[in-house]
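Engineer: Dumping the structure here so I can ask a few things about it.
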Amino acid sequence: MAISILVTLLINPTILRFLITGFFIYVVSSSVLSWYRLRHFKGPLSASLSYFFIVKAGTSGRMWDVYKDLNKQYGPLARIGPNDLITDDPDIIRRMSAARSTYQRSGWYSAMKLNPYQDSMFSLRDTAAHDKLKHRCAAGYAGRENPTIEAGVDFGIAGFINLIRTKYLSTETELKPLDFGRKTQYLTLDTITKIAFSREFGFLATDSDVHRYVESTESMFVFNQLCGEVPWMYSIFHSDWMLGLLGPKATDEKGLGKLMGLGKELVVARFGPDRKDEQDTLGAFVRHGLTQSECETEALFQILAGSDTTATAIRATMLYIITTPRVSQALRTEIAKGIRDGTISNPITHDEAKKLPYLQAVIWEGLRIHAPFTGLVPKEVPPGGDTVHGKFIPGGTRIAHNTWAVLRRADIFGEDADLFRPERWLGTDTAQTDLMQRTTELVFGYGRWGCAGKSLAFLELNKVFVQLLRNFDLQIIYPAAPWQSTNYSLFVQEKMWVRVTEAGPTDG
């Protein structure tokens with residue numbers, strides 16, 4: 006009955022005209038109000054009237070490229086949406102994320118849940134609750150309560166080297182192409198799961214996507230990103246009724262539900278009657294009072310955060326190393342000298358790696374030239390508004406990070422900031438080097454929102470290049486198209502085909 010009445014009303018010409026006119030007035034008035042609110046900030050015309058620009062950038066697969074020159078064109082605060090600005094000013098980013106800042110995480114973070122029913126440390130918006138949770142999780146990322154972290158990294162790299170040597174080692178007469186992009190992700194996944202749960206998942210041992218983890222996570226990148234960038238999409242798809250109707254379940258065979266089930270499976274034994282106090286990340290979480298559901302969520306997010314970005318940093322830096330002969334030779338020479346002098350063990354230790362100046366320059370330059378994470382991570386202006394660069398920003402406005410542009414600022418990194426040149430880190434001007442380092446560290450966030458796994462990422466980077474280059478020579482097979490790379494805040498990089506041979510005797 007109700008449906009028939011509704012249909013009758015809708016086919017009435019007068020009522021239909023009234024509805025269409027009302028909708029048109031709503032759209033026009035909303036667009037005008039959106040434009041007026043941030044009218045003093047420049048940006049693409051469509052950005053002031055709708056979310057079209059953000060959606061176009063977010064679905065392009067090259068969002069870093071869409072945004073990278075925006076601030077050069079429109080200023081340090083450019084408009085990218087009805088309620089959205091983006092900045093390439095590192096001082097503004099630090100101001101928003103400082104310990105005493107009154108800025109808060111915006112609604113973008115709520116869409117970054119791997120489990121849509123439970124916040125992780127990354128998605129939690131309440132500042133006090135976030136700080137408390139981060140404090141309880143901190144011990145899991147430190148060597149004091151997780152003494153096997155470095156051994157776990159060594160274990161993963163050794164497994165990677167073994168996989169290459171047994172399946173993908175080419176000779177003069179036989180080519181065995183290695184997809185360095187995909188296998189690097191297997192390396193970081195086995196490493197983080199070994200450190201976090203005292204057992205690796207077996208990506209390297211099976212040379213496969215265990216639990217279809219990679220497939221499941223990559224399939225949700227675009228959707229989660231759009232829900233974060235377009236508020237009404239989040240309101241619809243994360244509403245109680247929508248989650249009740251179509252939401253993921255831990256019993257699902259793929260997608261988010263599959264990942265939720267994996268998180269539950271990893272944690273349940275630590276809370277059962279036969280539980281053991283393990284010296285790993287999850288064990289530290291339990292000892293510091295995280296509930297079972299909190300552990301499930303943090304464990305799941307830790308796998309993604311601890312593997313994906315590090316894999317991208319390894320892939321990209323290695324690509325630049327092996328396609329820049331000067332850099333490759335200089336790094337190999339430093340490694341070979343360290344081996345001859347006895348200052349590099351096998352495997353190299355974290356402390357030994359930190360004493361190799363050219364290696365450190367390569368690592369920092371790799372992080373700078375190809376930031377492993379390009380998410381907007383917008384912060385919300387406090388209710389009373391703020392004045393930045395002489396312009397008032399209304400409360401509730403979202404200000405996003407233009408990370409790729411920050412790391413290519415000529416006033417910080419030099420006029421050749423688009424060039425991979427590790428030597429820029431070896432200058433005698435320590436103040437300039439410190440400035441470059443503080444700026445590049447923004448890839449890990451800043452202040453209270455800084456990445457908890459930063460030290461682990463550097464530990465892996467300090468080891469992996471030395472261990473690979475002391476064992477192998479790598480050559481890009483298709484230099485005109487070295488990889489297939491798409492970006493939806495996180496990078497999906499595969500088909501990075503390389504020819505791997507045993508390292509020559511002069512390489513150490």
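Residues 6 to 513 in the numbering used here are what the sequence shown spells out, letter by letter. All C-beta atoms, glycine included, are put in the ideal place defined by N, C-alpha and C.
May I have the straight-line CA-CA distance separating V505 from I169, to the nearest angstrom?
Structural biologist: 8 angstroms
Engineer: Going by DSSP, what residues sit across from R110 in a beta bridge?
Structural biologist: K384
Engineer: If Y146 and S460 are in contact, beta carbons under 8 angstroms, what's the gap, nearest whole angstrom?
Structural biologist: Confirmed, about 7 angstroms.
Engineer: Roughly how far, in whole angstroms, is the beta-carbon of A514 from the beta-carbon of P427, given that I think they are within contact range, below 8 angstroms?
Structural biologist: Summary: the structure shown does not reach residue 514, with the chain confined to residues 6 through 513, and so no result is reported for it.
Engineer: Decide if L336 is buried, meaning its Cβ has at least 16 other Cβ atoms within 10 Å, or exposed.
Structural biologist: buried
Engineer: Return the first residue and the last residue of the beta strand (DSSP E) that R403 is part of.
Structural biologist: Its beta strand (DSSP E) spans residues 403-406.
Engineer: Can you give me the Cβ contacts of D136 inside the same chain, cut-off strictly under 7 angstroms, excluding the 5 residues immediately before and after it?
Structural biologist: R453
Engineer: Quick check on the DSSP output: the alpha helix (DSSP H) that includes K73 runs from which residue to which?
Structural biologist: From DSSP, K73 is part of no alpha helix (DSSP H); its letter is neither H nor E.
Engineer: Could you work out which residue in V215, S102, D159, N351 is closest to L264 when comparing CA atoms only?
Structural biologist: V215
Engineer: So for N492, helix, strand or coil by DSSP?
Structural biologist: In this structure, DSSP gives N492 an extended state, which the three-state scheme calls strand.
Engineer: If we count the other Cβ atoms within 10 Å of its Cβ and call it buried at 16 or more, is T211 buried or exposed?
Structural biologist: exposed
Engineer: Going by CA-CA distance only, name the one from Q437, L473, E303, L261 that's closest to D416.
Structural biologist: Check the Cα spacing between D416 and each of Q437, L473, E303, L261: the tightest is with Q437.
Engineer: Which value, in whole angstroms, describes the spacing of the CA atoms of F29 and W430?
Structural biologist: Any answer about F29 is weak, because its pLDDT of 44 lies below 50 and its placement is not dependable; what the coordinates show is given next. Distance between the alpha carbons of F29 and W430 is about 56 angstroms.
Engineer: Take H394 and list the residues in its own chain whose beta-carbon comes closer than 7 angstroms to its own, dropping the five residues that flank it on each side.
Structural biologist: P81, L82
Engineer: Near T315, what residues of its chain come up, given a Cβ to Cβ distance below 6 angstroms and the 5 sequence neighbours on each side ignored?
Structural biologist: T193, A462, E465
Engineer: Using beta-carbon positions only, say whether S494 and F185 come within less than 9 angstroms of one another.
Structural biologist: no
Engineer: Excluding the five sequence neighbours on either side, which residues of its own chain have a C-beta within less than 6 angstroms of the C-beta of S34, listed in chain order?
Structural biologist: Only weak support exists for where S34 lies, its pLDDT of 46 falling under 50; the coordinates are left without a value.
Engineer: Could you work out which residue in V235, R204, I344 is closest to I308 when comparing CA atoms only?
Structural biologist: Closest by alpha carbon: R204.
Engineer: Straight-line CA distance for G400 to K384?
Structural biologist: 11 angstroms
Engineer: For S175, which residues in the same chain have their Cβ closer than 7 angstroms to its Cβ, ignoring the five residues on either side in sequence?
Structural biologist: K181, R504, V505, T506
Engineer: Between which two residues does the alpha helix (DSSP H) carrying T354 extend?
Structural biologist: Segment: none, T354 is in no alpha helix (DSSP H) and carries neither H nor E.
Engineer: If you check the beta carbons only, do F378 and V448 fall under 9 angstroms apart?
Structural biologist: yes
Engineer: When the Cα atoms are used, what is the spatial distance from L267 to L251?
Structural biologist: 19 angstroms
Engineer: Just confirm the distance between the C-beta atoms of G294 and R99, as a whole number of angstroms; I'd bet it's less than 8 angstroms.
Structural biologist: Their Cβ separation, rounded to whole angstroms, is 31 angstroms, which puts G294 and R99 out of contact at 8 angstroms.
Engineer: Taking C-beta to C-beta, are S213 and G260 nearer than 9 angstroms?
Structural biologist: Not in contact: S213 and G260 (Cβ atoms no closer than 9 angstroms).
Engineer: In terms of alpha-carbon separation, which member of F202, R275, Q480, V471 lies closest to K359?
Structural biologist: V471
Engineer: If you run the structure through DSSP and keep just helix, strand and coil, what is Q498?
Structural biologist: strand
Engineer: With 16 as the cutoff for other CB atoms within 10 Å, does T196 come out buried or exposed?
Structural biologist: buried
Engineer: Just to confirm before moving on: does the CB-CB distance between N407 and K73 stay below 9 angstroms?
Structural biologist: yes
Engineer: Give every residue of the same chain whose Cβ lies closer than 8 angstroms to the Cβ of L440, excluding the five residues on either side of it in the sequence, and list them in chain order.
Structural biologist: Shown here for L440: same chain residues with a beta carbon closer than 8 angstroms to its own, the five before and five after excluded, namely I417 in chain order.
Engineer: Find the nearest neighbour of T256 within the set M247, R187, K269, judged by alpha-carbon distance.
Structural biologist: Comparing Cα positions, the closest option is K269.
Engineer: Consult DSSP for R320 and reduce its assignment to one of helix, strand or coil.
Structural biologist: helix
Engineer: Does DSSP put V393 in a helix, a strand or coil?
Structural biologist: Strand.
Engineer: Quick check on F28: does DSSP put it in helix, strand or coil?
Structural biologist: The predicted model places F28 with a pLDDT of 42, which falls under 50 and marks its position as unreliable; any figure quoted below should be read in that light. Here F28 sits in helix by DSSP.
Engineer: Please report the straight-line C-alpha distance between P362 and I59, rounded to a whole angstrom.
Structural biologist: 40 angstroms
Engineer: Indicate whether I1 and G343 have their beta-carbon atoms separated by less than 9 angstroms.
Structural biologist: Given a span of 6 to 513 for the chain in the structure shown, any question on residue 1 remains unanswerable.
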